[in-house]
Amino acid sequence: NMLHNGFEWPAETIGKFSNRIASEKWPEAWFTSADRDGKPWLYYMSPEFCSHCVDLIDGIIDGTGRYLKERGG
Numbered sequence: 002n003m004l005h006n007g008f009e010w011p012a013e014t015i016g017k018f019s020n021r022i023a024s025e026k027w028p029e030a031w032f033t034s035a036d037r038d039g040k041p042w043l044y045y046m047s048p049e050f051c052s053h054c055v056d057l058i059d060g061i062i063d064g065t066g067r068y069l070k071e072r073g074g
């Protein structure tokens, strides 16, 4: 939704995303919202979330490299 809807988040979509953040217990620092009338109007990814994603991808790449090196690939 961040990429597909840009700044035009449908009300139903923003509500579902708000519920998902709460129900899946994602860290509060991962997403920040711009609010309108006290309710989220859109969400955007925080620098903390972007760093988390880069670290996760680095770990996957490193792990894959170690695996291939150990098996002689």
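Under our numbering, the letters of the sequence shown match residues 2 to 74, in that order.
Backbone N, C-alpha and C define an ideal beta-carbon position, used for all residues, glycine too.
- Each of Trp27, Ala23 and Thr65 was checked against the Cα of glutamate 49, and the nearest Cα belongs to Trp27.
- Note that the stretch 35-49 touches the stretch 12-23; at least 3 beta-carbon pairs, one per stretch, sit closer than 8 Å.
- Within the same chain, Cβ atoms closer than 6 Å to the Cβ of isoleucine 15 are found at Pro41, the five residues on either side in sequence being excluded.
- The bridge partners DSSP lists for aspartate 36 are Pro41.
- A distance below 7 Å between beta-carbons, with the five flanking residues on each side excluded, links aspartate 63 to no residue of its chain.
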